[in-house]
Structure formats: C-alpha cells, structure tokens
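Undergrad: Starting off with a structure, shown below.
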Amino acid sequence: MSYPKDEMTPPPAASGDAQSFEIARLWVANEAQHVVFRTDVWPDPAAWGIVLADLARHVALAYQQKDGHDYEDVLERVLAGFHAEIDGAPE
Numbered sequence: 049m050s051y052p053k054d055e056m057t058p059p060p061a062a063s064g065d066a067q068s069f070e071i072a073r074l075w076v077a078n079e080a081q082h083v084v085f086r087t088d089v090w091p092d093p094a095a096w097g098i099v100l101a102d103l104a105r106h107v108a109l110a111y112q113q114k115d116g117h118d119y120e121d122v123l124e125r126v127l128a129g130f131h132a133e134i135d136g137a138p139e
C-alpha cells in the first residue's frame with residue numbers, strides 16, 4: 049500500500065484558530081512507527097491518557113462514518129490492540 053508523503057491537512061478548527069498548535073505527529077517508516085510529540089504541553093503525563101482515549105473515539109467514529117462499522121465494535125478492537133501492545137515487552 050502506498051500513500052503520498054504530503055502532510056495531512058489540519059482540521060478546520062485548527063486552521064481557523066490562530067492559537068492552535070500541533071502536539072504530535074506519527075509516521076510509518078521502515079515498517080515501524082516513528083513519532084514526535086511535545087512533552088511541554090501538560091505537566092502531568094496522565095493528560096496523554098486523555099488524548100489517547102479521545103483519539104480512540106475519533107478512530108471509532110471515522111470507521112463508523114466511512115464504512116458503517118459499529119462504533120462500539122471498533123472501539124473494542126482499538127482497545128484490544130492497545131492492551132495487547134501495552135502489555136507486551138517494551139521496545
């Protein structure tokens with residue numbers, strides 16, 4: 049599967065808000081994930097747990113809207129993948 053390397057377009061809310069800023073980027077390169085993110089946004093790392101939960105909900109909603117998948121089923125699959133990965137050995 050091949051995708052263009054162009055940056056993804058920011059959501060309209062971010063484009064329209066002069067105060068908005070990016071907090072993370074994720075790439076797939078050499079068959080692995082590579083990320084950059086800001087740790088200076090929140091002093092408590094628990095905030096990233098909220099970000100991950102919100103992202104999981106966005107993923108479930110996107111699958112529901114695009115392909116008609118059941119929101120709860122997708123969310124369960126995302127959580128199953130999360131738990132399988134987080135419970136595995138660290139890289």
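Residue numbers (this note's numbering): 49 to 139.
Virtual Cβ for every residue (Gly too), placed ideally from N, Cα, C.
1) What does a CB cutoff of less than 6 Å around A108 pick up in its chain, not counting 5 residues either side in sequence?
2) What does F85 pair with, by DSSP beta-bridge criteria?
3) Flag this pair as yes or no: are the beta carbons of Q81 and L74 separated by less than 8 Å?
4) If we call anything under 8 Å between Cβ atoms a contact, is A104 one with V83?
5) With C-beta atoms as the reference, is F85 less than 8 Å away from I98?
6) On the three-state DSSP scale, how would you describe A77?
7) Which same chain residues end up closer than 7 Å to N78 when comparing Cβ atoms and leaving out the 5 residues on each side of it in sequence?
8) Work out the CA separation of P93 and K53 for me, nearest whole Å.
9) What are the boundary residues of the alpha helix (DSSP H) that includes G129?
TA: From the atom records:
1) Y119, V122, L123
2) A72
3) yes
4) no
5) no
6) strand
7) none
8) 30 Å
9) 119–134
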